[in-house]
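Enquirer: Handing you a structure now.
Residue numbers (UniProt numbering): 1 to 429.
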């Protein structure tokens, strides 16, 4: 098959027809919900009408917890956390009969709420490896216009510190690097009762504050580089005593009131309850109370940007199960990689494969690649010095990215890009 542009698509099919004298009997399936509190022990029972000779436990979209205890028809999970929620399948077999028992485990009390009655905070180990660069992001839903969200400092007097707080609804990032005190604030405030994500990145004397999809606020250009030391413990939602916090770090000596669902420090996703050294005055946030999962989907409290994730029924997909269609499975994208997005499933195909399900084979000529809206080719990251040279023929002078390489997948760290901007080729780094 040839396209108008001269590209050729080839697909190979092999059809084998065999006589089947014994009809397959698909396994029967039953399902149920199990609710459990975070930190407790749960025993999942494989209840069937069969008297099977064998049981096999598995987990949909993941591996079974490493500390599980499997004894016949019972799967025991101890110290259950947010990461343990999801679908578990028990396959019971006896002779030619089989039954699949699907148990959806819902873990409650996963997302902390900070009421500040009178004091609420979580204490963690120190923020390590921050001497020349650091990155953190945190997702929260505020219920009060002022309050300290995150604070980390040095133990000595006149210490270095970083502090993220709300001031009259505006997120403020304040820091002190060897006497250099800086305050960063975005153009727009956050909304009470809504989820927001703040990202802060620093590489030597450069950095930015990013609130949701607002314009990033950069560090001052004249900022000098000094090594940062944050060897004291890190606090989220508040601190034990505000008298120990420098006056320049916060304007209002108040803790944060609201929910905090997610914290990432450098490359590590912090498990809020598991990793905490101490929790004080914490209650339960209820992100599933508004029933965000449509079409009878199951809401799970989760450490995501909005505090929950949805398990969709067959035939529905999307962040809130709002779209018709099947979610990702082993066969959705063939040899490609499947991801579930807000608009449904999307396939990412390896080289020489294309199509909405990676079902077509594409043969390139003269090592030439052709691109359309949303398409790209990805290669292994650089391991050493490279010299890059390429020729291109644009079909349009619309702005676009021709080459991009970065330190991280997220929008922080070192990067280099060759772009087409208003008809001019630009190198940015």
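Glycine included, C-beta positions come from ideal geometry on N, C-alpha and C.
Fair warning: this is a prediction, and the values are worked out from it, not measured in the lab.
Look up residue 417 in the DSSP assignment and say whether it is helix, strand or coil.
Expert: strand
Enquirer: By how many angstroms is the C-alpha of residue 420 removed from the C-alpha of residue 390?
Expert: In a straight line, the C-alpha of residue 390 is about 14 Å away from that of residue 420.
Enquirer: Provide the residue span of the alpha helix (DSSP H) that contains residue 97, from first to last.
Expert: Residue range 97-108 is occupied by the beta strand (DSSP E) that includes residue 97, with no alpha helix (DSSP H) assigned at that position.
Enquirer: Please say whether residue 238 and residue 120 have beta carbons closer to each other than 8 Å?
Expert: yes
Enquirer: Can you give the Cα-Cα distance for residue 414 and residue 372, rounded to whole angstroms?
Expert: 27 Å
Enquirer: Would you report the Cα separation of residue 381 and residue 289, rounded to the nearest angstrom?
Expert: 43 Å
Enquirer: Kindly provide the ranges of any beta strand (DSSP E) runs that are 3 or more residues long and lie completely inside the UniProt domain "EGF-like" (286-322), ordered along the chain.
Expert: Within the UniProt domain "EGF-like" (286-322), the complete beta strand (DSSP E) segments of 3 residues or longer fall at 298-301 and 308-311, listed in chain order.
Enquirer: Does any residue of chain D have a CB that is nearer than 8 Å to the CB of residue 260?
Expert: Judged by its chain identifiers, the structure shown contains no chain D, having just a single protein chain.
Enquirer: Can you give the Cα-Cα distance for residue 230 and residue 369, rounded to whole angstroms?
Expert: 48 Å
Enquirer: To the nearest angstrom, how far is it from the Cα of residue 135 to the Cα of residue 395?
Expert: 39 Å
Enquirer: Spatial neighbours of residue 323 within its chain, please: C-beta separation below 8 Å, excluding the five flanking residues on both sides.
Expert: 316, 317, 343 and 344
Enquirer: In chain order, what residues of the same chain lie with their CB nearer than 6 Å to the CB of residue 30, ignoring the 5 residues before and after it?
Expert: 101
Enquirer: By Cβ distance, which residues of its chain are closer than 6 Å to residue 216, with the 5 residues on each side in sequence left out?
Expert: 208 and 210
Enquirer: Run the CB neighbour count on residue 243, radius 10 Å, all protein chains shown included, and call it buried at 16 or more, exposed below.
Expert: exposed
Enquirer: Do three or more CB pairs link the stretch 44-55 to the stretch 87-98 at distances below 8 Å?
Expert: yes
Enquirer: Can we say the stretch 106-114 touches the stretch 270-285, given the rule of at least three CB pairs closer than 8 Å?
Expert: yes
Enquirer: In this structure, does DSSP put residue 242 in helix, strand or coil?
Expert: helix
Enquirer: Residue range of the alpha helix (DSSP H) that residue 274 falls in?
Expert: 272-275
Enquirer: Taking 8 Å as the limit between beta carbons, can you name the residues of its chain near residue 196, skipping five residues before and five after?
Expert: Only residues of its own chain outside the window of five on either side were considered, and among them 139, 140, 141, 142, 171, 190, 211 and 212 have a CB closer than 8 Å to the CB of residue 196, listed in chain order.
Enquirer: How is residue 83 classed by DSSP in three states: helix, strand or coil?
Expert: helix
Enquirer: Are the CB atoms of residue 55 and residue 83 nearer to each other than 8 Å?
Expert: no
Enquirer: Can you check the stretch 153-208 for any beta strand (DSSP E) of at least 3 residues that lies completely inside it and give the ranges in chain order?
Expert: Listed in chain order, they are 161-167, 170-177, 180-184 and 196-203.
Enquirer: Does DSSP put residue 392 in a helix, in a strand, or in coil?
Expert: When secondary structure is reduced to three states using DSSP, residue 392 falls in the coil class, being assigned neither helix nor strand.
Enquirer: Closer than 6 Å by C-beta to residue 319: which residues in its own chain qualify, once you throw out the five before and the five after it? Chain order, please.
Expert: 342
Enquirer: If I measure Cβ to Cβ from residue 335 and keep anything under 8 Å in the same chain, skipping five residues before and after, which residues do I get?
Expert: For residue 335, where only same-chain residues beyond five positions count, the Cβ hits under 8 Å are 349, 350, 353 and 358.
Enquirer: Please state the DSSP three-state secondary structure of residue 215.
Expert: Under the three-state reduction of DSSP output, residue 215 falls in the coil class, being neither helix nor strand.
Enquirer: Assuming residue 81 and residue 241 make a contact with CB atoms under 8 Å, what is their CB distance in whole Å?
Expert: With a Cβ gap of about 30 Å, residue 81 and residue 241 do not count as contacting.
Enquirer: Relative to the C-alpha of residue 262, which candidate in 198, 313, 279 and 249 has its C-alpha closest?
Expert: Nearest option by C-alpha distance: 198.
Enquirer: May I have the straight-line CA-CA distance separating residue 89 from residue 314, to the nearest angstrom?
Expert: 15 Å
Enquirer: Tell me the rounded alpha-carbon separation between residue 226 and residue 376.
Expert: 39 Å
Enquirer: Would you kindly work out how many angstroms separate the C-alpha atoms of residue 68 and residue 384, rounded to a whole number?
Expert: 42 Å
Enquirer: I'd like the span of the beta strand (DSSP E) that includes residue 254, first residue to last.
Expert: Careful: residue 254 lies outside any beta strand (DSSP E) and carries neither H nor E.
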